[in-house]
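Here the sequence shown stands for residues -1 to 208, numbered as in our numbering.
Virtual Cβ for every residue (Gly too), placed ideally from N, Cα, C.
To start, the structure under review is shown below, and the notes come after it.
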Amino acid sequence: SFDKANRTSLSSFRGPGIEEGITMLEAIREEFGLPITTDFHTPEQIAGYGYRVDIIQIPAFLCRQTDMLIEAGKTGKIVNIKKAQFLNAEKMQFAVDKVKSTGNDQVWLTERGTLFGPSELVVDFRNIQKLAALTDHVVMDCTHSAQETQSNDGTTGGNRAYVPYFAKTAKLWGANAFFIETHPNPDQGLSDGPNMLKLADLENLVKDLL
């Protein structure tokens, strides 16, 4: 993301900002021929910059925000909506309907875990089939689902050891895309280090999923 607007602590790194961040993503698309995506956090950001990416991602905490979903739909781009940790899968029908009300049928849904009590995440893999009933494209967020949120020091923990298991299990349940954050040295990463997959481990996991 160009801006990590929902970091726990005010002092946490937020990213390079919208212009620099999207410019960096555009350079990746140009060099490698890959489609690019990023979170957006306000309808105004989508209106001003959504045309520059291939897939507009709606963060989990914002998946009920009507103005966000409508503005995303109006771009005509693919809209990937992350299911909130506090919603059941069936409730995502209403988010899908909001995007499709604009005439845009390109809606993806992402599973990223469900709150178990106030601070734990669990993955109910049945959600993949439930989300598949609402859309043609279900994404498994393998790294955010590995977060552990019980820390009181202003950071979010996690366990990257779960990531390959989440990915492989999600494939068995019918997921057709995988969201995996990676870093050469996750423990030195500026965001989500504990649950990021080591870059050296990514290639083998991708091969397992193909």
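| Check | Outcome |
| --- | --- |
| Whole-number beta carbon distance between L197 and E179, since they are thought to touch under 8 angstroms | 10 angstroms between Cβ atoms; not a contact. |
| Extent of the continuous alpha helix (DSSP H) run through E24 | I16 to F30 |
| C-beta atoms of A82 and V137 nearer than 7 angstroms | no |
| Buried versus exposed call for I79 [16 or more other C-beta atoms within 10 Å across all chains shown] | buried |
| The segment 37 to 46 in contact with the segment 89 to 98 per 3-pair CB rule at 8 angstroms | no |
| Selection from F59, P116 and V120 that minimises the alpha carbon distance to R5 | F59 |
| Where the beta strand (DSSP E) through M138 begins and ends | H135 to D139 |
| Beta-carbon proximity list for F84, same chain, < 7 angstroms, skipping 5 on both sides | L113 |
| Beta-bridge pairing of D185 - partner residues as DSSP gives them | DSSP output for D185 lists no bridge partner at all. |
| Neighbourhood of Y160 by C-beta, 7 angstroms cutoff - its chain only, sequence neighbours within 5 removed | A144 |
| Any C-beta of chain B under 7 angstroms from that of L203 | In the structure shown, chain B does not exist; there is a single protein chain. |
| Residue of C140, L119 and A168 minimising C-alpha distance to Q127 | A168 |
| 8 angstroms Cβ shell around G172 - same chain, five flanking residues per side excluded | I126, Q127, A130 and V136 |
| DSSP state of A87 mapped onto helix, strand, coil | helix |
| Between the CA atoms of D199 and V120 - distance to the nearest angstrom | 23 angstroms |
| Of the residues Y163, E18, T154 and V51, the one placed nearest E118, counting alpha carbons only | T154 |
| Same chain, Cβ closer than 6 angstroms to G156, five either side skipped, listed in chain order | A144, Q145, E146, P192 and N193 |
| Proximal residues to V105 (C-beta, below 6 angstroms), its chain only, five neighbours per side dropped | V77, V94, V97 and T133 |
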